[in-house]
Structures are given as C-alpha cells and as structure tokens.
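Written below as structure tokens is the structure these notes are about.
Quick look at the structure:
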C-alpha cells in the first residue's frame, strides 16, 4: 500500500504577526479618522468601511491559511465610561490578535483583528 | 471429495471515517444568543454602572460566556468580545468584517441594556 506525503499542515509556516497587523490598522485608522467629527448619519458607513479596508489589507499581506476577523467600534466622546474585553478559546500556538485605539476630540475608535489558523 | 469455497467480503471502512456534518458542526445563532443573554443577565442584571466594577464585570461576562460555549462540545474555536457603555446620550457603532468559511462559521451579536448602561456581546465561531 502506498502512503502519500502528508499535506495536512497542523502548524503554520508563517504565524499571524500581531505587530505587522497593528501597524496596518494604525495607518488605516489614522487615514480614515483624522479630522472627522462624530456624525450619527455618517459614522455607521464609516465604521463598516474601516472594517472592510482593514480586512482587505490583512488579506493582502498574505497570512496563509488564516481566517481573519476584524471588529471596529466607534463611539462619541462625551466623557462616558467604556470598557471593552475579549476572551478567546483557540490554539495559542497558532492564533493571535492585534488591537489599535484611535482618539480625537469628538470620537474614539477601537479596532481588533483576530487571526485564526485553519487546519 | 468435498470442495469448500471460501469467499471473503472485503468491506471498505470508509463509512466509519466519514466526518459527520450534522447539527453538531453548525453555528446555531439562536442557541448562542440565549446563552449569552442569560449570562449577561446573571452578572449585571440588577447593577448600575460603577467605574470600579466594570473591569470585573467585563471579565466575568466573557469568561462565563466562553465557559458556557465550551459546554456545548462543538468543534469550534470561539472569540467573545464584550463592550460595556455607560448611558450618557453618546452614540456607539460597531462593525465587523470577517474572512472565513461562510458555510461553517458564524457570528452573533447580543445587545442588552438596563437603566444605566449598555452591554454589547459579540461571539464569533470558527469551525475547526
């Protein structure tokens, strides 16, 4: 009986690099939100488009066999208290996340990108 | 003189290796929404926004949600995020964009509120 060479990779060749992802997210947030005022009509579209561009950018970087989840939260700055937490059940050897926060006078923005390896 | 002929039936054991793709491997939104609602209710159901407590609350919410999700024993990796926001008249928007397998992976977002605060919990489930 012939045995085929195994193509099932349990570990990634290149791990999800959080530092690289963070840099890209910082750039995109800065570009998209500098000088922007909180406007309830425009912000929903802006939030969605930021999430889309971050995801596109991370896809372009080419983390092989990684599923990517991007979450963007934009809120108005009114002195209120906000707390965001995340917990993940995954494989710590292969999966990772990157986060970035942007603030200006009228709004704050939190972006998180999770990279999950697909076995 | 007797001749006995033996025949052996060689059955392929492929059926046993077939991966069962039934209910157990799908991301069921309703079930998860119920679990999350119950979890949030039990942790901050009757409380008012207190700056000193929010760290504890947000950690407890994500941890117990994750615990409840693991009890489902499905072959999934989970990501749970929780946002606690004080009611101050300010607006908040969340958006998420995901690059995954639409047939097996899913997400759900639960919004909960009481008199003094909002709680938004997002769960992402990725099939292994």
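Residue numbers (the working numbering), protein chains in the order written: chain A, 259 to 377; chain B, -9 to 118.
Cβ atoms here follow ideal geometry from the backbone N, Cα and C, with glycine treated the same way.
Quick check: the Cα distance between residue i and residue j, rounded to an integer number of angstroms?
| i | j | result |
| --- | --- | --- |
| residue 374 of chain A | residue 26 of chain B | 22 Å |
| residue 20 of chain B | residue 347 of chain A | 20 Å |
| residue 108 of chain B | residue 377 of chain A | 37 Å |
| residue 267 of chain A | residue 274 of chain A | 15 Å |
| residue 281 of chain A | residue 291 of chain A | 15 Å |
| residue 97 of chain B | residue 70 of chain B | 10 Å |
| residue 6 of chain B | residue 327 of chain A | At residue 6 of chain B the pLDDT is 42, less than 50, meaning the model places this residue with poor confidence and gives no usable figure here. |
| residue 352 of chain A | residue 345 of chain A | 16 Å |
| residue 300 of chain A | residue 29 of chain B | 33 Å |
| residue 89 of chain B | residue 44 of chain B | 31 Å |
| residue -2 of chain B | residue 63 of chain B | Only weak support exists for where residue -2 of chain B lies, its pLDDT of 49 falling under 50; the coordinates are left without a value. |
| residue 311 of chain A | residue 72 of chain B | 23 Å |
| residue 76 of chain B | residue 271 of chain A | 44 Å |
| residue 364 of chain A | residue 15 of chain B | 44 Å |
| residue 110 of chain B | residue 48 of chain B | 10 Å |
| residue 99 of chain B | residue 23 of chain B | 8 Å |
| residue 309 of chain A | residue 355 of chain A | 15 Å |
| residue 32 of chain B | residue 54 of chain B | 10 Å |
Based on the DSSP secondary-structure assignment, which residues constitute the bridge partners of residue i?
| i | result |
| --- | --- |
| residue 282 of chain A | Paired residues: none, contrary to the question. |
| residue 111 of chain B | B/72, B/100 |
| residue 329 of chain A | A/370, B/86 |
| residue 358 of chain A | A/369 |
| residue 117 of chain B | B/66 |
| residue 334 of chain A | A/365 |
| residue 324 of chain A | A/375 |
Just reading off the beta strand (DSSP E) that residue i is part of, what are its end residues?
| i | result |
| --- | --- |
| residue 309 of chain A | Residue 309 of chain A -> not in any beta strand (DSSP E); alpha helix (DSSP H) instead, spanning 301 to 319. |
| residue 52 of chain B | No beta strand (DSSP E) contains residue 52 of chain B, which is instead part of the alpha helix (DSSP H) from 44 to 61. |
| residue 345 of chain A | 340 to 347 |
Over the uninterrupted alpha helix (DSSP H) stretch that includes residue i, give me the two end residues.
| i | result |
| --- | --- |
| residue 19 of chain B | 19 to 34 |
Round the Cβ separation of residue i and residue j to the nearest angstrom and send it over; I've been treating them as touching at under 8 Å.
| i | j | result |
| --- | --- | --- |
| residue 61 of chain B | residue 116 of chain B | At roughly 18 Å, the Cβ-Cβ gap does not stay under 8 Å, so residue 61 of chain B and residue 116 of chain B are not in contact. |
| residue 81 of chain B | residue 333 of chain A | 7 Å |
| residue 329 of chain A | residue 366 of chain A | Actually they do not touch by this definition, with Cβ atoms about 15 Å apart. |
Beta carbon of residue i: closer than 7 Å to some heavy atom of the ligand MG?
| i | result |
| --- | --- |
| residue 57 of chain B | The ligand MG is not among the ligands present in this structure, which contains no ligands whatsoever. |
Fill in: Within 9 Å of chain A by C-beta, residues of the segment 57 to 87 of chain B in sequence order
Only those residues of the segment 57 to 87 of chain B whose C-beta falls short of 9 Å from the nearest C-beta of chain A are listed: 59, 60, 66, 67, 68, 69, 70, 71, 72, 73, 74, 75, 76, 77, 78, 79, 80, 81, 82, 83, 84, 85, 86, 87.
Worksheet item: Going along the segment 327 to 345 of chain A in order, which residues come within less than 9 Å of chain B, judged by CB to CB distance?
Response: 327, 328, 329, 330, 331, 332, 333, 334, 335, 336, 337, 338, 339, 340, 341, 342, 343, 344, 345
Practice prompt. Please name the residues in the segment 25 to 40 of chain B whose beta-carbon is closer than 8 Å to at least one beta-carbon of chain A, in chain order.
Written response: 39
Discussion item. Residues of the segment 272 to 288 of chain A in Cβ contact with chain B at a cutoff of 7 Å, in chain order, please.
Written reply: none
Fill in: Proximal residues, the segment 43 to 55 of chain B versus chain A, C-beta separation under 9 Å
44, 45, 47, 48, 49, 51, 52, 53, 55
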